[in-house]
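All residue numbers for the sequence shown refer to our numbering, where the first residue is 1 and numbers rise by one.
Glycine included, C-beta positions come from ideal geometry on N, C-alpha and C.
Here the structure is a predicted model, which is why all the values come from computation and not from measurement.
Below: the structure, in structure tokens.
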Amino acid sequence: MKFSQIPYQRPKMNEISDAWQIAMEKLNQAKSVEDAYYALLSLDGQQRYFESMAVISEIRHTMDTNDDFYKQEEVFFERAKVEFEGLIQERNQMILKSLYVDEIREYLSPAVVDRLKKNAEAFDPCIQNLLEEENALSGKYFPMTANITGQLAGKTYSIAELGKLAGNDDRETRRIFSGVMEAAYEKKSKEFDCLFHDLVQVRQQIASKLGFDNFVAVGYGRMGRTSYTPEDMAVFRREVEEILTPVVYDLFKAQEKRLGLQSLMNFDENTDFLTGNPSPKAGIPVLLDTFQSFFSNLSPSTKDFYQELRDKEFYDLGIRKGKIMGAYSNFVPLFHAPFVFETYNETAGAVKTFAHECGHAYQSYLVSKEVFVENTKNSSDLAEIHSMTMEFFSWEGMEALFGETGVKKYQYFHLKRALSFIPYGTAVDAFQHEIYENPDWTPAERLSAWKALEEKFLPWRRYTKDGFYDQGRFWQRQVHIYKWPFYYIDYVLAQVCALQFFLWSLKDQAGAFQAYEKLLEISGRRSFTEALEEVGLKSPFIPGSMKKVANEIQEMILALEESL
């Protein structure tokens, strides 16, 4: 069945709740491990149904935020998801108190049960109204940004179109369209301020009702982090600042010299060479066919995964009015199938993003037949290793898209951005710690805090004076800060691990891919540090591990630069 043919029906929460309570009573009254197991299966069936309908609605809404039907369905889910989360937490508490908790830990895995316990710290029935309010507020971000447009010389451009033009090889074109994009966002600046201020206040109320000083602990609980703490993250951020930021600074200063510029501006950062950036062959069909060949050659399993993705049309890559900007992969449990979403604008970055989302989707495909839906899930730090590592494995197919010379430029582009992303992502994480530790800050104080963090982690960055970004607003383009607090650092941790996989693959491609597939298969049953150790990767929290990776990648970047 193709995605467009999948029937959608709004879940009837009273029926789900009734069935849930019957299964919960069976779990509570279980006289044997088998009784407990079958009660959990009944609960799992309800979870699969609800989550599938929620995912289908969300996908179709993001495909067209102007569709009135799915607009209303998302309003419904703002409340329904909170109600269902209450049911999930009831189940989790009963699992933790069950006479058969040790056996259940074996069914689900110790890591899953530990994660459920951590999640439980961030929930209580007394905060349900606040959670509904938080969902309603965060849900405003996508519609607010999906229809942002910029105007120039009587023509209207979408943000996706402006993003592509702002990366043009001609500097004056970059400058002009970057300015148009900033002006488009500037019109929404007060809305961004007010929305985020309201979110911080609601999240602080949630933290207070749960007995925490601030929202940081709630954020870590929601993320299910069981193997590292805010204190560990502070040490990691310091290592990024002291070890990696100087390396990236040197890369941008070399770029400034290579381009013959007196001052490298933010709109120049993605222009690596005077001869132009790597540009893929045009068209979504070309992209899809290129990856078809790549996945067919990578392994029998990846071949089957990708063929199924295309046959069922579980993807949406086009650009159109009302479709949100960005990319994601989601999983529809009832149909055991992942969905890949992107606004593909035919740039090198968009190609990398497609590979990224395919990495997520491939992991979902491999674990799609797990008995319990909880085992198809994993912590986001591990999930982002799946996606970022696939970006590097996909190098094998890039020559078909970029040509013999272009593929070297693409490799340079990819490695440079992989390193330079780490300080940026670390700044996002530091920012979230600061704003939630200081919930009484004004919007202006938050802008000042972001500017200070840019100076610390991104000292090479220069903006057009008094523009949207120069005001300290670049973070307002980062959806995760609004919708998924404390998620973003997981991209950073994953990037360090993905670079390890990449360096491993240069020496032993087969061995690296075998370890990668093992990671995909065990991620739902292991914590972050447990999974890394099992497949032979070093934790980013081990002192010195980042320095080794940074030095080796820097050497590769310099070698590629000399060859171009």
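The DSSP assignment places 101-108 as complete runs of the alpha helix (DSSP H) inside the segment 82-109, in order along the chain (cut-off: 4 residues). In the three-state reduction of the DSSP assignment, Phe-212 falls in the coil class, being assigned neither a helical nor a strand state. Setting aside the 5 residues that flank it on each side, Glu-391 is surrounded in the same chain by Lys-352, Ala-355 and His-356, each with a C-beta closer than 6 Å to its C-beta; the list follows chain order.
Look at Pro-7 here: in three-state DSSP terms it is coil, with no helix or strand label. With respect to Pro-459, Val-240 sits apart: the two C-beta atoms are not nearer than 8 Å. Val-332 carries a strand assignment under DSSP once its states are collapsed to helix, strand and coil. CA-to-CA, the gap between Glu-562 and Gly-403 works out to about 18 Å. Annotation: Ser-227 is outside any alpha helix (DSSP H) and is labelled neither H nor E by DSSP. Looking only at Phe-541, Pro-443, Ser-545 and Leu-560, the smallest Cα-Cα distance to Phe-236 is reached by Phe-541. Between Leu-519 and Ala-510, the CB-CB gap reaches or exceeds 8 Å. Taking Gln-554 as the centre and dropping the five residues before and after it, the same chain places the C-beta of Val-247 closer than 6 Å to its C-beta, in chain order. When rounded, the separation of the alpha-carbon atoms in Tyr-38 and Ser-32 is 10 Å. Measuring C-alpha to C-alpha distances from Glu-186 to each of Phe-77, Asp-250, Ser-527 and Gln-476 identifies Gln-476 as the nearest. Pairing Ser-545 with Thr-529 gives a Cβ-Cβ distance that is not under 8 Å. For His-414 and Phe-314, the gap between their C-alpha atoms comes out near 26 Å. In the structure shown, the three-state DSSP call for Lys-31 is coil. For the segment 326-384, the continuous alpha helix (DSSP H) assignments of 4+ residues that do not extend past its boundaries occur at 348-366, in sequence order. Going by DSSP, Thr-245 is part of the alpha helix (DSSP H) stretching over 245-258. For Lys-155, the beta-bridge partners assigned by DSSP are Leu-152. With the rule of 3 Cβ pairs closer than 8 Å, the segment 102-121 counts as touching the segment 74-94. Excluding five sequence positions before and after Ile-6, the CB atoms of its chain that fall closer than 8 Å to its own CB belong to Ile-56, Val-332 and Phe-335, given in chain order. Taking C-alpha positions only, Ala-427 is separated from Thr-275 by approximately 32 Å. Runs of the alpha helix (DSSP H) spanning 4 or more residues and lying entirely within the segment 446-491 occur at 479-483, in chain order. Taking 8 Å as the cut-off, the beta carbon of Thr-343 is found no closer than this to the beta carbon of Lys-321. Here Ser-138 has Leu-199, Tyr-482 and Lys-483 as same chain residues with Cβ atoms under 7 Å from its own Cβ, once five neighbours each way along the sequence are excluded. Apart from sequence neighbours up to five positions away, the residues of its chain that approach Gln-255 with a beta-carbon distance below 7 Å are Leu-264 and Asp-272, ordered along the chain.
The residue from Gln-514, Ala-361 and Gly-326 with its alpha-carbon nearest to that of Asn-345 is Gly-326. Beta-bridge partners of Tyr-315 (DSSP): Val-340. Taken through DSSP and simplified to helix, strand or coil, Ala-282 comes out as coil. DSSP places Leu-537 in no alpha helix (DSSP H); its state is neither H nor E.
Proximity of the segment 173-190 to the segment 151-159 meets the contact definition, three or more beta-carbon pairs being nearer than 8 Å. Straight across, the Cα-Cα distance linking Pro-125 with Ala-207 is about 13 Å. Judged by their CB atoms, Phe-69 and Ala-54 are not nearer to each other than the 8 Å cut-off. The straight-line gap separating the alpha-carbon atoms of Leu-298 and Phe-291 is approximately 10 Å. Across the set Ile-489, Gly-163, Lys-547 and Gln-46, the C-alpha of Gly-163 shows the shortest separation from the C-alpha of Ile-319.
The C-beta distance from Phe-486 to Gln-432 rounds to 6 Å, short enough to meet the 8 Å contact threshold.
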